[in-house]
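To start, the structure itself, in structure tokens.
Numbering (our numbering), first residue to last: 1 to 112.
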């Protein structure tokens with residue numbers, strides 16, 4: 001299976017940042033995707049207390065990166081990523097958020 005770059009593939013994603021004035025998160029969080037398990041759409045939420053350079057990726061259970069969801073500068077606040085993974089087979093995957101030298105991960109399950 002070759003790596004899927006969601007920025008340039010048929011897998012649609014949308015990333016929405018919500019910045020409530022005066023109410024920024026106090027810490028970095030990576031929430032469990034919802035729904036989980038899912039087919040073929042899910043939502044991944046994460047928060048940033050300050051603008052940061054991030055990498056959000058998906059790996060199979062063998063450690064092979066199968067998707068790059070987001071890479072680059074993101075504003076402070078809550079972010080919602082809508083993900084359509086119709087091109088990935090059923091199975092369990094790990095999605096990982098890297099912010100600076102901090103790494104957060106969660107499991108997600110695709111059922112087809």
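Using N, Cα and C, we set each Cβ at its ideal position, and we do this for glycine too.
(request) Under 6 Å Cβ to Cβ from residue 53, same chain only, skipping five residues before and after it: list those, please. (result) 73
(request) Tell whether a beta-carbon distance below 8 Å holds between residue 56 and residue 25. (result) no
(message) Can you give me the C-alpha to C-alpha distance between residue 67 and residue 37, rounded to a whole angstrom?
(response) 18 Å
(request) May I have the straight-line CA-CA distance separating residue 61 from residue 92, to the nearest angstrom? (result) 7 Å
(request) Compute the Euclidean distance between the alpha carbons of residue 5 and residue 31, then round it to the nearest angstrom. (result) Note that residue 5 has pLDDT 41, beneath the 50 cutoff, so the model's placement of it is unreliable and the number below is only indicative. Between residue 5 and residue 31, the C-alpha separation is close to 22 Å.
(message) Using only the alpha-carbon positions, how far apart do residue 71 and residue 35 sit?
(response) 23 Å
(request) For residue 101, count neighbouring Cβ atoms within 10 angstroms of its own Cβ and tell me buried if that reaches 16, exposed if not. (result) exposed
(request) Measure the C-alpha to C-alpha separation of residue 2 and residue 111 and round it to an integer number of angstroms. (result) Bear in mind that the predicted position of residue 2 carries a pLDDT of just 42, short of 50, making it unreliable; the figure below should be weighed with that in mind. Rounded to whole angstroms, residue 2 to residue 111 spans 20 Å at the Cα level.
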